[in-house]
Structure formats: structure tokens, C-alpha cells
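Participant:
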Amino acid sequence: MTPKKLLTRLALPLAAAPLAACATAGAPTAQEPDAPPSARVEVVLEDAPAPTEVARTADHSTYVVWVQDGDGDGPRRLGAMDYDAERDLAVFSGGVPASEFDLIVTAEENARAESPSAFVMTRADCDAELVAPRTLDTQTRPNVAQGTNVSAETGRTQRAIVECEVEL
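Take a look at the structure:
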């Protein structure tokens, strides 16, 4: 049986504080975009095979998340996913631009890879927009995720909605 590859959640709540404050000491750092990230993304892969199975080599033992936006530059590394082999689950949380972008998950030799390998686990084309609070029917639109945040400037609740087409 072939394992399923699923990008199950892509939540993009707008950040109220700079994301640099969320970094942990010693954690791999992503290649910094020109502008600081303005949103956070959570990527969850369920029923995920080990990275070594995707690459078919023991050398590629880490999943890495990349973002490609419309700036014309190559993909930028966001960071490594935490992989739980017992649960076949890979999880990542980090900063992304709040605009149109592609997310790519690849199997890599290490968390500090400088460019994506050819071993692509999954890819998602994403479009985020800031909207006033409203209700979305995620049952009929399963690739839509939403997050909320209270604006420091206006005190009003804002929501970033991300719609992704997931490539399996």
C-alpha cells in the first residue's frame, strides 16, 4: 500500500509581534527574505513516510519546508519539519509572506540545505488574503484554512485566509 501524502493544515494567522521573537536558540534559521515574514504557517503531513523512503537513500533523513514567492528569486528555506516515525507525522510551524506563494516539502540530507533537492514530498500553491471576519465552510472547501488575530493598530479582529491547491 502506498502511503498517503497530505498537506492537512495550512493555517496563516497574522502575527501581532515580530516573528524573530519566536525563534529558538540553536534552531536552523531560514534564508531571510527581503521583508520580514508577516504571517505564520503550520504544515502537517499525515501518513508521511520517512524522508529516507521518499529519497530512497539513507542520506536524506530530514523533511525541509521551502517557500517560493513571486519575487523571482529561488526558493527560500523556512526550516526543518519535526518527524515522528511512530505516528508517521511531520509538523512544521514558521513564518511566510502573506501573499501568493508556493510551499514545497523536500527530503534533504540535513536541515541546513541551501536549495531544495529533487526529492519532493508535496507541494502547495497558496494564496493568502486579509479579510474582515466571516464564516467559511471548510467542509465544502477543504483546502481552505483560516486564522484570526486582533490588530494592534485598530483593535479589530482580522483574519488571514489561505487557499491551497495541494499536489499529491
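Counting in numbering that gives the first Met the number 0, the sequence shown runs without a single skipped number right up to 167 at its last residue. Positions of the beta carbon are idealized from the N, C-alpha and C atoms, including for glycine.
Output yes or no for whether 7 Å exceeds the beta carbon distance between residue 121 and residue 63.
Facilitator: Looking up residue 121 in the sequence shown gives position 122. Looking up residue 63 in the sequence shown gives position 64. No, the pair does not count as a contact, with Cβ atoms beyond the cut-off.
Participant: Suppose the cutoff is 7 Å on Cβ atoms and the five residues either side in sequence are ignored; what does the same chain contact list for residue 51 look like?
Facilitator: The residue given as residue 51 occupies position 52 in the sequence shown. The answer, listed in chain order, is 57, 59 and 60.
Participant: With 16 other CB atoms within 10 Å as the buried threshold, where does residue 99 fall?
Facilitator: Taking the sequence shown and counting its residues from 1, the one referred to as residue 99 is at position 100. Answer is exposed; the Cβ neighbour count stays below 16.
Participant: How big is the Cα-Cα spacing for residue 44 and residue 65?
Facilitator: The residue given as residue 44 occupies position 45 in the sequence shown. The residue given as residue 65 occupies position 66 in the sequence shown. C-alpha separation (whole angstroms): 14 Å.
Participant: Counting only the same chain and skipping the five closest in sequence on each side, list residues whose C-beta sits under 7 Å from that of residue 67.
Facilitator: Residue 67 sits at position 68 when you count from the first residue of the sequence shown. Only 74, 100, 101 and 103 meet the Cβ criterion.
Participant: Cβ of residue 81 within 7 Å of Cβ of residue 46?
Facilitator: The residue given as residue 81 occupies position 82 in the sequence shown. The residue given as residue 46 occupies position 47 in the sequence shown. Cβ distance not < 7 Å, so residue 81 and residue 46 don't count as in contact.
Participant: Return helix, strand or coil for residue 56, following the three-state DSSP convention.
Facilitator: Taking the first residue of the sequence shown as 1, we reach residue 56 at position 57. If DSSP states are grouped into helix, strand and coil, residue 56 belongs with coil.
Participant: Under DSSP, the beta strand (DSSP E) around residue 100 begins and ends at which residues?
Facilitator: By 1-based counting over the sequence shown, the position of residue 100 is 101. That run of the beta strand (DSSP E) goes 99-107.
Participant: Quick check: what's the CA-CA separation for residue 117 versus residue 53?
Facilitator: As a working note, residue 117 is residue 118 in the sequence shown. As a working note, residue 53 is residue 54 in the sequence shown. Going from the Cα of residue 117 to the Cα of residue 53 covers about 10 Å.
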